[in-house]
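Everything below concerns the one structure shown next.
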Amino acid sequence: MTSGAPEKRRLTILGSTGSIGTNTLDVIRQLGGRDAFEIAALTGNGNVALLAEQAKATGAELAVTADEGQYENLKAALAGTGIEVAAGRNGLIEAAQRDAGWVMAAIVGTAGLAPTLAAARRGADIALANKECLVSAGDLFVAAVHAGGGKLLPVDSEHNAIYQVLEEHQRHAVERIILTASGGPFRQSTLTEMRDVTAATARAHPNWSMGLKISIDSASMFNKALEMIEAKHLFGMRPDQIEVIVHPQSVIHSMVGYSDGSVLAQLGCPDMRTAIGYALSHPARPALNVERLDFAKLSRLDFEAPDEERFPALRLARLAMERGGMQSAVLNGAKEVALEAFIDGRLGFLQMAEVTETVMDAMIAVPAASGMDAVFAVDGEARRIAKTIVEHEAAAA
Ligand code: NAD
Ligand code: MG
46 MTSGAPEKRR LTILGSTGSI GTNTLDVIRQ LGGRDAFEIA ALTGNGNVAL LAEQAKATGA
106 ELAVTADEGQ YENLKAALAG TGIEVAAGRN GLIEAAQRDA GWVMAAIVGT AGLAPTLAAA
166 RRGADIALAN KECLVSAGDL FVAAVHAGGG KLLPVDSEHN AIYQVLEEHQ RHAVERIILT
226 ASGGPFRQST LTEMRDVTAA TARAHPNWSM GLKISIDSAS MFNKALEMIE AKHLFGMRPD
286 QIEVIVHPQS VIHSMVGYSD GSVLAQLGCP DMRTAIGYAL SHPARPALNV ERLDFAKLSR
346 LDFEAPDEER FPALRLARLA MERGGMQSAV LNGAKEVALE AFIDGRLGFL QMAEVTETVM
406 DAMIAVPAAS GMDAVFAVDG EARRIAKTIV EHEAAAA
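My numbering applies: residue 46 is where the sequence shown begins, and numbers increase by one.
Next comes the structure, spelled out in structure tokens:
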């Protein structure tokens, strides 16, 4: 571009019907809608009514439901619009491979891995919300991004914050990164109280409004565990350079500590649209209608060390990083099974970490990933073992 109006960005949103997906569409509206963005493809899962509505509103070329059983419903909802329709795993890959320069990766869980990888391989710039890509397949995923030649822009608020304050020319002087954690709804609960919590209480996050799974992962701090591993791959940090501090107000979104004792932080109201807007506008900084921080009203910021006895997920993340190989993929696969069992009421809150650690110990010998097939095989095996343990626990209860 020479001058005048900024270049129109062609974008695909993987997971447009979720929390990040709908926030992304709001940011796009704020940044000029169809004048600023052209939507190549949108994908969802069971919620085809919303997906169809989004596709019509944005003028998307292609709408994909991951749920093959919903194909006919999506087709009917978009009949006569000229919008193409596809479904299932192949449909997701087709969406990821469309010639969009930008892809928002906002599918939840390991389901996002294959399509996001397909987008990375063809060189798309990726706004990455799906942290599971980096947890399960970190080295391979980063290598695929580099080989494709696209940019990787973190959307996770902590990593987006670090990206904003990590000065590239002073990278050698970075001593540590400090991930902030709200502490979730059970920050002040006792172990005994935590034993009996249900999904309904665990999903009620004090500061952030997010999807169901990540909200519960925040309550158990498994979300922060995944984020430690995510940070290792995004910023090339050693595990001992990654710290976690509980900061209940969620105003400081994360920090970078330098060799002169300086600590740089990014602050803001807890609203994912700031991180989404930053990623989708990079390298420019967009104008967004989000709440501004009022420091007088805020008056104080609190910090406390995380309690790894009540939140063992943090210890498990460190263990996975120390053990190396595909232990992080094992952690993630086992955790996803345990999380689903907790949501269904088949497993206790604290048992999610117990199941995950048992599976990690059972699969301690897995080597580093030779390729994506190995990652999917290990993920599948971790899930199989986790399911067996969950069934055993449910039968014993
Ligand atoms: P969500 O549950 O609200 O939405 C998930 C999206 O993925 C939906 O569009 C859904 O249709 C789709 N989906 C679900 N299962 C699928 C499957 N099996 N195959 C294909 N698509 C499927 O989740 P979310 O909160 O928006 O989170 C999305 C990702 O972003 C997660 O990886 C999460 O960890 C990460 N993230 C979210 C937030 C947040 O504020 N919500 C913050 C940081 C990171
Ligand atoms: Mg986060």
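In this text, a Cβ means the ideal position worked out from N, Cα and C, and glycines have one as well.
Predicted model only: the values in this text are computed from it and were never measured.
What number of angstroms, rounded off, separates the C-alpha of residue i from the C-alpha of residue j?
{"i": "residue 298", "j": "residue 414", "result": "32 Å"}
{"i": "residue 46", "j": "residue 54", "result": "Confidence at residue 46 is low in this model, with a pLDDT of 43, below 50, so the placement of that residue should be treated as unreliable; the coordinate-derived value is given next. Spanning the two alpha carbons is a distance of roughly 12 Å."}
{"i": "residue 103", "j": "residue 78", "result": "8 Å"}
{"i": "residue 74", "j": "residue 426", "result": "42 Å"}
{"i": "residue 374", "j": "residue 60", "result": "21 Å"}
{"i": "residue 94", "j": "residue 122", "result": "7 Å"}
{"i": "residue 362", "j": "residue 270", "result": "5 Å"}
{"i": "residue 461", "j": "residue 174", "result": "Nothing about residue 461 can be reported from this structure: the residues present for the chain run from 46 to 442 only."}
{"i": "residue 416", "j": "residue 247", "result": "36 Å"}
{"i": "residue 98", "j": "residue 112", "result": "17 Å"}
{"i": "residue 245", "j": "residue 127", "result": "41 Å"}
{"i": "residue 208", "j": "residue 218", "result": "15 Å"}
{"i": "residue 210", "j": "residue 439", "result": "46 Å"}
{"i": "residue 418", "j": "residue 134", "result": "16 Å"}
{"i": "residue 63", "j": "residue 308", "result": "34 Å"}
{"i": "residue 376", "j": "residue 185", "result": "17 Å"}
{"i": "residue 110", "j": "residue 349", "result": "43 Å"}
{"i": "residue 125", "j": "residue 101", "result": "11 Å"}
{"i": "residue 287", "j": "residue 277", "result": "8 Å"}
{"i": "residue 170", "j": "residue 257", "result": "27 Å"}
{"i": "residue 130", "j": "residue 162", "result": "21 Å"}
{"i": "residue 441", "j": "residue 322", "result": "48 Å"}
{"i": "residue 48", "j": "residue 303", "result": "For residue 48, the predicted structure reports a pLDDT of 49, less than 50, and the residue's modelled location is therefore unreliable. The matter cannot be settled from this model."}
{"i": "residue 243", "j": "residue 52", "result": "48 Å"}
{"i": "residue 432", "j": "residue 329", "result": "46 Å"}
Between the options, which has its C-alpha nearest residue i's C-alpha?
{"i": "residue 343", "options": "147, 317, 294, 329", "result": "294"}
{"i": "residue 280", "options": "223, 234, 372", "result": "223"}
{"i": "residue 119", "options": "143, 139, 87", "result": "87"}
{"i": "residue 154", "options": "115, 317, 302, 259", "result": "259"}
{"i": "residue 115", "options": "100, 96, 216", "result": "96"}
{"i": "residue 285", "options": "151, 117, 364", "result": "364"}
{"i": "residue 266", "options": "384, 339, 221", "result": "384"}
{"i": "residue 356", "options": "420, 317, 405, 233", "result": "233"}
{"i": "residue 229", "options": "419, 411, 351", "result": "351"}
{"i": "residue 306", "options": "220, 393, 188", "result": "220"}
{"i": "residue 177", "options": "430, 424, 441, 140", "result": "424"}
{"i": "residue 380", "options": "164, 330, 194, 396", "result": "396"}
{"i": "residue 198", "options": "148, 158, 370, 314", "result": "148"}
{"i": "residue 156", "options": "368, 378, 391", "result": "378"}
{"i": "residue 435", "options": "394, 422, 194", "result": "394"}
{"i": "residue 65", "options": "152, 91, 82, 56", "result": "152"}
{"i": "residue 194", "options": "206, 146, 180, 183", "result": "146"}
{"i": "residue 315", "options": "410, 292, 406", "result": "292"}
{"i": "residue 240", "options": "324, 390, 332, 56", "result": "390"}
{"i": "residue 392", "options": "132, 358, 142, 437", "result": "437"}
{"i": "residue 340", "options": "296, 227, 398", "result": "296"}
{"i": "residue 206", "options": "311, 166, 407, 215", "result": "311"}
{"i": "residue 409", "options": "382, 366, 106, 388", "result": "366"}
{"i": "residue 420", "options": "236, 183, 283", "result": "183"}
{"i": "residue 346", "options": "324, 227, 89", "result": "227"}
{"i": "residue 430", "options": "201, 400, 326", "result": "400"}
Looking at the structure shown, is residue i part of a helix, part of a strand, or coil, going by DSSP?
{"i": "residue 47", "result": "With a pLDDT of 45 at residue 47, under the threshold of 50, the modelled position of that residue is not reliable, and the figure given next carries that caveat. Correct three-state label for residue 47: coil."}
{"i": "residue 372", "result": "helix"}
{"i": "residue 354", "result": "coil"}
{"i": "residue 291", "result": "strand"}
{"i": "residue 260", "result": "helix"}
{"i": "residue 57", "result": "strand"}
{"i": "residue 308", "result": "strand"}
{"i": "residue 81", "result": "coil"}
{"i": "residue 217", "result": "helix"}
{"i": "residue 242", "result": "coil"}
{"i": "residue 235", "result": "coil"}
{"i": "residue 110", "result": "strand"}
{"i": "residue 327", "result": "coil"}
{"i": "residue 336", "result": "coil"}
{"i": "residue 437", "result": "helix"}
{"i": "residue 279", "result": "helix"}
{"i": "residue 409", "result": "coil"}
{"i": "residue 172", "result": "strand"}
{"i": "residue 299", "result": "strand"}
{"i": "residue 349", "result": "strand"}
{"i": "residue 95", "result": "helix"}
{"i": "residue 249", "result": "coil"}
{"i": "residue 69", "result": "helix"}
{"i": "residue 425", "result": "helix"}
Among all residues, which have a Cβ less than 6 Å from at least one non-hydrogen atom of ligand 2, and in what chain order do they fall?
Going by the Cβ distance cut-off, the answer is 201, 202, 203, 272.
Which runs of the beta strand (DSSP E) at least 3 residues long sit entirely within the stretch 187-213? Give them in chain order.
List check, beta strand (DSSP E) in window: 197-199.
Go through the stretch 124-162 residue by residue and report every complete run of the alpha helix (DSSP H) that reaches 4 residues or more, in order.
Listed in chain order, they are 133-142.
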